[in-house]
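**Q**
Number of protein chains: 2
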Amino acid sequence: MPSEALDIPLPDNASSALVRKLGALCLMSDEEITFMEGLQNHIVDIEKGRDFVEEGSDLRTTCVISEGWAVRYIMLEDGRRQILSYALPGDIIGLHINFRAQATYSAAALTPLKVATIDPRRMTEISQKFPVLAAGLSWCTAREFAILGDQTVRLGRLAAPERLAHFLLELWHRLDLINEVDGTWIDMPMTQSDLADTLGLSLVHTNRSLKTLRDANLVTVTRDAVRLDDVNALMNMSHFNPDHLTEFSI
Amino acid sequence: MPSEALDIPLPDNASSALVRKLGALCLMSDEEITFMEGLQNHIVDIEKGRDFVEEGSDLRTTCVISEGWAVRYIMLEDGRRQILSYALPGDIIGLHINFRAQATYSAAALTPLKVATIDPRRMTEISQKFPVLAAGLSWCTAREFAILGDQTVRLGRLAAPERLAHFLLELWHRLDLINEVDGTWIDMPMTQSDLADTLGLSLVHTNRSLKTLRDANLVTVTRDAVRLDDVNALMNMSHFNPDHLTEFSI
DNA sequence: AAATGGATTTAACTTATGTTATAAGTCAAT
DNA sequence: ATTGACTTATAACATAAGTTAAATCCATTT
């Protein structure tokens, strides 16, 4: 209603995930929406499991996730792997790569992926020409930092079942923001092994922790989804602070 | 030499830590240096131990560390604390706070601190008017992300003595970049309890890990400093990848 | 000089998590 | 249907890390 009065079109479902995400927090002009959509006209398909950023290699492309899920991760020489973050639709990988020659992480497709690849210099262009978009991207950056902060607490200070609960809640909130949840069901395209590498646990202990939550009637697990059966209990046990994410939802 | 030929003054020791840091990677014009220094004309002193950012409270100030060390941290209701990152001279806390009402972390002074407080809108101004400075700040952001990524690997996948070695190496490299190391000596203004909250360990186990490194002749520890006695061995045991930081040192 | 309080160090014990092994479930390809 | 590769589930055992407690060390104040 207010948007009609102001003649500013709210980005609809036909828009890219990034524009929908940014549209949720700032009123963009037609010109800005058009520019942002135009940035993403080069879409590539990436098959499930494929690495599309490799640590140490030249990184000269900004990737906007259009459809599907990706992970950023670091692999040690001895095979240990740590997943750094999940990139969901609308998320950006490599927003800040000016001056950077080499990627400090790898990225892989957890599902079949559609990615808009953008010349990072065009992102810089945004800051100069479109202050509202620039603020939107700055907001995305702040949000990334908040998510990484929570990830640090999770790994550093939570016990295994707490970590799992905390992570599921984060996913749920993030997916909710982009309208990809169905009630308290969450897609789980990753294997328990991926989950282990996310939570800093062994595969076996990840499975044990999942069983702990199941046995406490906190979650229901199916092959490729999880339902949060008691969100409050999960929040309490894991000290999850939704403010860190919902701050970013207006 | 090249800088004289081009009539571009290299920022000297009289400059702020941030300008020195940025000067190490991009050639700034006189105007840019002056602007950047002018931004930091409001310096406040913060006593050791004081909290100067509090999670949940309004955050409307960007802080540039001018002298001293600070930590960003998150505290759980039950007293568990996790340090998210260290802010050293030249580092910025709250660079991306547009739209953000509330801090998602707290920050405290590890040492007596001199901090330049800046209206975040003036930082936005930079992006529009000074492309070189904007690129410099983007570089700072990318570096933060690389450091947080390493922190995630440290907490998620390294054993206690590995974590400690890895962290010490990170500090050493970061301090080296701002000329605050003396050989392989590193200042250690934090207590072992702070260290524990950094590494996601208990105080006792942090102390044990320190002893492990001491007994292996890898480090020498004094009251307020640590010497890295065998950098190569420390790098090998902790899988430290200096590229993640030195990428940022040209 | 004594006293105080914080920081470090170490020991003894408990617990959480990792490791190895094996079985069972699932899915895709034949 | 049958295989094979991957994934999930559990058990038994080993080890790393947490907890509690107490002693020593240090810096600061009295």
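Sequence order for the protein chains is A and B.
Quick note on numbering: my numbering labels position 178 of the first sequence as 163, and the sequence is numbered without any gaps.
Quick note on numbering: my numbering labels position 200 of the second sequence as 185, and the sequence is numbered without any gaps.
Each residue gets a CB set at the ideal place from its N, CA and C atoms; glycine is no exception.
With H, G and I counted as helix, E and B as strand and the rest as coil, what does DSSP make of A144(A)?
**A** Here residue 144(A) refers to the residue found at position 159 when the first sequence is read from its first residue. Coil.
**Q** Among M60(B), P174(B), A72(B) and Q67(B), which residue has its Cα nearest to the Cα of T47(B)?
**A** Along the second sequence, one-based indexing puts residue 47(B) at 62. If we check each option's Cα against that of T47(B), A72(B) comes out closest.
**Q** Find out if the Cβ-Cβ distance for the pair I68(A), V56(A) is shorter than 7 Å.
**A** Translated into positions along the first sequence, residue 68(A) becomes position 83. Translated into positions along the first sequence, residue 56(A) becomes position 71. Yes, the pair counts as a contact, with Cβ atoms nearer than the cut-off.
**Q** Taking the C-alpha atoms as reference points, what is the distance between E39(A) and R45(A)?
**A** Locating residue 39(A) in the first sequence gives position 54, counting from the first residue. Locating residue 45(A) in the first sequence gives position 60, counting from the first residue. If I take the Cα positions, the gap works out to 12 Å.
**Q** So that I know if they touch, is there some Cβ in chain A lying closer than 7 Å to that of M(-14)(B)?
**A** Residue -14(B) sits at position 1 when you count from the first residue of the second sequence. Residue confidence is low: M(-14)(B) scores 38 on pLDDT, short of 50, so the model does not pin down where it sits. Its coordinate-derived value is still stated next. Taking Cβ atoms only, chain A never reaches closer than 7 Å to M(-14)(B), which makes this a no.
**Q** Considering only residues of the same chain and omitting the five flanking positions on each side of F130(B), which have a CB-CB separation below 7 Å?
**A** Mapped onto the second sequence, residue 130(B) falls at position 145. Excluding residues within five positions, none has a Cβ falling inside 7 Å.
**Q** Alpha carbons only, please: which of I163(A), W124(A), E110(A) and H190(A) is nearest the one belonging to A2(A)?
**A** To locate residue 2(A), count along the first sequence from 1; it is residue 17. Residue I163(A) is the option with its Cα nearest to A2(A).
**Q** Counting only Cβ pairs nearer than 7 Å, list the residues of chain A close to H224(B).
**A** Within the second sequence, numbered from 1, the residue matching residue 224(B) stands at position 239. In chain order: L61 and E62.
**Q** Name the chain A residues whose beta carbon is nearer than 7 Å to that of V138(B)?
**A** What you label residue 138(B) is simply residue 153 of the second sequence in a count that begins at 1. The answer, in chain order, is I59 and Q67.
**Q** From which residue to which residue does the beta strand (DSSP E) around F225(B) run?
**A** The residue given as residue 225(B) occupies position 240 in the second sequence. Segment: none, F225(B) is in no beta strand (DSSP E) and carries neither H nor E.
**Q** Does the stretch 93 to 106 of chain A come within contact of the stretch 180 to 189 of chain A, defined as at least 3 CB pairs closer than 8 Å?
**A** Result no; under three Cβ-Cβ pairs closer than 8 Å.
**Q** Please list the partners that R142(A) has in chain B, where partner means a Cβ-to-Cβ separation under 7 Å.
**A** Taking the first sequence and counting its residues from 1, one reaches residue 142(A) at position 157. In chain order: L61, R65, Q67 and G185.
**Q** Residues of the stretch 151 to 180 of chain B with a CB closer than 7 Å to any CB of chain A: list them in chain order, please.
**A** Listed by position, the residues of the stretch 151 to 180 of chain B near chain A (Cβ gap below 7 Å) amount to none.
**Q** In chain order, what residues of the same chain lie with their CB nearer than 7 Å to the CB of T96(B), ignoring the 5 residues before and after it?
**A** Working through the second sequence from its first residue, we reach residue 96(B) at position 111. If we look at T96(B) and ignore the five residues flanking it on each side, its Cβ neighbours are K33, G53, W54 and P174.
**Q** Where does E165(B) fall in DSSP's three states?
**A** For the purposes of this step, residue 165(B) is taken as the residue at position 180 of the second sequence. In this structure, E165(B) counts as coil in the three-state DSSP scheme.
**Q** For the beta strand (DSSP E) containing Q113(B), name the first residue and the last one.
**A** The count along the second sequence starts at 1 and reaches residue 113(B) at position 128. First-last for Q113(B): P105 to K114, but that is the alpha helix (DSSP H), not the beta strand (DSSP E).
**Q** Give a yes or no on whether 7 Å exceeds the smallest Cβ distance from G8(B) to chain A.
**A** In the second sequence, the residue the question calls residue 8(B) occupies position 23. So no, G8(B) is outside the interface.
**Q** Using a beta-carbon distance cut-off of less than 8 Å, what residues from the stretch 15 to 30 of chain B approach chain A?
**A** Those residues of the stretch 15 to 30 of chain B that come within reach of chain A (Cβ to Cβ, closer than 8 Å) do not exist; the list is empty.
**Q** Would you check if the stretch 114 to 130 of chain A and the stretch 201 to 211 of chain A touch, i.e. whether three or more CB-CB distances between them fall below 8 Å?
**A** Verdict: no, contact absent.
**Q** Interface residues of chain A around H229(B) at Cβ under 8 Å?
**A** Indexing the second sequence from 1 puts residue 229(B) at position 244. Simply T89.
**Q** Measuring only the C-alpha atoms, how far is S236(A) from T137(A)?
**A** Shown here, chain A extends from -14 to 235; a query on residue 236(A) therefore has no answer.
**Q** Verify whether the separation of the beta carbon atoms of I82(A) and A92(A) is less than 7 Å.
**A** Your numbering for residue 82(A) matches position 97 in the first sequence. Your numbering for residue 92(A) matches position 107 in the first sequence. For I82(A) and A92(A), no; Cβs fall outside 7 Å.
**Q** Consult DSSP for R5(B) and reduce its assignment to one of helix, strand or coil.
**A** Your numbering for residue 5(B) matches position 20 in the second sequence. Helix.
**Q** So with Cβ pairs under 7 Å, would you call G134(B) a contact of chain A?
**A** By 1-based counting over the second sequence, the position of residue 134(B) is 149. Interface residue, yes.
**Q** At least one CB of chain B closer than 7 Å to the CB of A236(A): is that the case?
**A** Because chain A in this structure spans residues -14 to 235, residue 236(A) falls outside the shown range and cannot be described.
**Q** Using only the alpha-carbon positions, how far apart do S223(A) and Q87(B) sit?
**A** As a first step, residue 223(A) must be located in the first sequence, where it is residue number 238. As a first step, residue 87(B) must be located in the second sequence, where it is residue number 102. Each residue's alpha carbon lies about 21 Å from the other.
**Q** How many Å lie between N26(A) and I171(B) at the Cα?
**A** Counted from its first residue, the first sequence places residue 26(A) at position 41. Counted from its first residue, the second sequence places residue 171(B) at position 186. N26(A) and I171(B): Cα-Cα distance of roughly 49 Å.
**Q** Would L140(A) pass as a contact of L219(A) if the rule is Cβ separation under 7 Å?
**A** Residue numbering aside, residue 140(A) sits at position 155 when the first sequence is read from its first letter. Residue numbering aside, residue 219(A) sits at position 234 when the first sequence is read from its first letter. Not closer than 7 Å, so no.
**Q** I need the boundaries of the alpha helix (DSSP H) containing R193(B), first residue and last residue.
**A** To locate residue 193(B), count along the second sequence from 1; it is residue 208. First-last of the alpha helix (DSSP H) with R193(B): L188 to D200.
**Q** At least one CB of chain A closer than 7 Å to the CB of S194(B): is that the case?
**A** Locating residue 194(B) in the second sequence gives position 209, counting from the first residue. By this cut-off, S194(B) is not an interface position.
**Q** Would you mind working out which of P74(A), G41(A) and G75(A) sits nearest L61(A), comparing C-alpha positions?
**A** Here residue 61(A) corresponds to residue number 76 of the first sequence, with the count starting at 1. Looking at the Cα atoms, G41(A) is the closest of the given residues.
**Q** Under 7 Å between C-beta atoms, does A131(B) make it to chain A?
**A** Along the second sequence, one-based indexing puts residue 131(B) at 146. Closer than 7 Å: yes.
**Q** Assuming the contact rule is C-beta atoms closer than 8 Å, A145(B) and S194(B) should be a hit. Round their C-beta distance to whole Å, please.
**A** In the second sequence, residue 145(B) corresponds to position 160, counting from 1. In the second sequence, residue 194(B) corresponds to position 209, counting from 1. Right, their Cβ atoms sit about 4 Å apart.
**Q** What residue range is occupied by the uninterrupted beta strand (DSSP E) comprising T46(A)?
**A** Counting from one through the first sequence, the residue named residue 46(A) turns up at place 61. That residue, T46(A), is in no beta strand (DSSP E); it is neither H nor E in DSSP.
**Q** According to the Cβ coordinates, are H151(B) and L160(B) closer than 7 Å?
**A** The residue given as residue 151(B) occupies position 166 in the second sequence. The residue given as residue 160(B) occupies position 175 in the second sequence. Taking 7 Å as the Cβ cut-off, H151(B) and L160(B) do not qualify as a contacting pair.
**Q** In angstroms, rounded to a whole number, what distance separates the CA positions of K6(A) and L230(A)?
**A** As a working note, residue 6(A) is residue 21 in the first sequence. As a working note, residue 230(A) is residue 245 in the first sequence. If you take the alpha carbons of K6(A) and L230(A), they lie about 13 Å apart.
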